[in-house]
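In this text, residue positions in the sequence shown follow the numbering used here: the first is 27, and each later residue adds one.
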Amino acid sequence: MARGPNPLILLGLASVSFIAFATIVRKREQSAPASLRFQDPPPPEDKPQHTSAVFDHTKVTVLFVLGGPGAGKGTQCANLVSDFGFCHLSAGDLLRAEQHREGSQFGELIQTCIKEGTIVPMEVTVKLLENAMRAALQEGRTREGWAEGRGRFLIDGFPRKMDQAMKFDDDVCQASMVLFFSTTEEVMLERLLERGKTSGREDDNVESIKKRFTTYKETTMPVIKHYEALGKVAEIDSSPSVEEVHLKAKAVVEKILADKK
């Protein structure tokens, strides 16, 4: 009975053939011009993490303060400033001041948006906030949380749209948390109409308030849901008395600042 080739012999022949082929390739490569020789790829560079944000979120703490018109955001921000030394920036106040600033190129646009209850283009609002933050950091504040380039900011009534949220996080500073003051439209309407008796604000009237409620539900609630999915929302019921809401908000912020350390 005929026997086939010995497998060991075949393996040996294959090895010899491979060695001979590799030797020929090596000699040809060594004799080729340097520009045509095979070269190992350069080792990867250890590049630092790039960020385009103006402020370092590990040093600068930003808490967005959101809730419907009349939810009590401004009142509670004032209390938290006293408790923790925050710089309170109201996007609405900055815009209202800008609309009356002499020589402002955005004044008329802002005035129209406020009157109609619509949202001012994000580039305007974001830039005003960035400028205000930079000014506060340069003041040399001495309270806790402000040493060595650090700072604490409550940004009230912002972001009101997803594009604002994304642009601020990417370009200015990544927010640490959203304080969401929630209550009913009935409570908010009652508060706004009462405030309108003395505030002098152009939008504290029933027609503008209803438009603001609609804008809030359609554009700001998705922002809250976005941060909620990231685990960055602390909801606080703002229906009770100012004092009760303050105690809840204070406890929430104490935990946020403790976790940040």
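For glycine and all other residues, C-beta sits at the position ideal for the given N, C-alpha and C.
Keep in mind it's a predicted model, so treat the numbers as computed, not measured.
Please report the straight-line C-alpha distance between residue i and residue j, rounded to a whole angstrom.
i	j	result
V150	S130	11 Å
V279	F90	12 Å
E124	G175	27 Å
P185	I136	16 Å
E134	I235	20 Å
K281	R160	26 Å
K287	K141	42 Å
R227	T84	37 Å
N231	K274	30 Å
R4	L92	The requested residue 4 is not part of the displayed model; the chain covers only 27 to 287.
S208	G183	13 Å
Y253	A260	10 Å
D285	D82	17 Å
V88	T246	18 Å
L283	V86	11 Å
R221	E165	32 Å
Considering only residues of the same chain and omitting the five flanking positions on each side of residue i, which have a CB-CB separation below 6 Å?
i	result
H114	C103, V107, L180
S148	The amino acid occupying residue 148 in the given sequence is Met; Ser does not appear at that position. Correct list, in chain order: D189, Q190, K193.
L163	G177
C139	V146
N105	H272
I262	F207, K274, A275
Please classify residue i: is it buried, with 16 or more other beta-carbons within 10 angstroms of its beta-carbon, or exposed?
i	result
H272	buried
T224	exposed
P67	The predicted model places P67 with a pLDDT of 42, which falls under 50 and marks its position as unreliable; any figure quoted below should be read in that light. Counting Cβ neighbours within 10 Å, P67 comes out exposed, since fewer than 16 surround it.
S267	exposed
K251	exposed
K99	buried
A97	buried
A297	With the chain covering only 27 through 287, there is no way to say anything about residue 297.
Just to confirm my understanding: we take residue i, look at its own chain, exclude 5 residues before and 5 after, and list those with CB closer than 8 Å. What are they?
i	result
G111	R167, R169, E170, G171, W172, R178
L154	A117, L120, L121, E124
T240	G143
E270	none
A28	Only weak support exists for where A28 lies, its pLDDT of 49 falling under 50; the value from the coordinates is given anyway. Excluding residues within five positions, none has a Cβ falling inside 8 Å.
Tell me which same chain residues have a C-beta within less than 7 Å of the C-beta of residue i, skipping the five on either side of it?
i	result
S78	D196, D197
E244	none
F132	E124, V150
Y242	G94, P95
Out of the options, point me to the one whose CA is closest to residue i's CA.
i	options	result
L205	E211, G94, R160	G94
V249	G98, E211, M192, E212	M192
V152	D109, K187, E261	K187
T144	I262, V259, E233, H83	E233
V80	R127, N157, D109	N157
D109	K276, K286, D230	K276
E211	R221, R238, C199	R238
R214	S264, L256, S202, D285	It should be pointed out that residue 214 corresponds to Met in this sequence rather than to Arg. Of the listed residues, the one whose Cα sits closest to M214 is S264.
L256	E220, M203, A284	M203
First and last residue of the alpha helix (DSSP H) that includes residue i?
i	result
G100	99 to 110
I140	133 to 142
L8	Given that the chain is displayed from residue 27 to residue 287, the structure contains no residue 8 and the question cannot be resolved.
R167	From DSSP, R167 is part of no alpha helix (DSSP H); its letter is neither H nor E.
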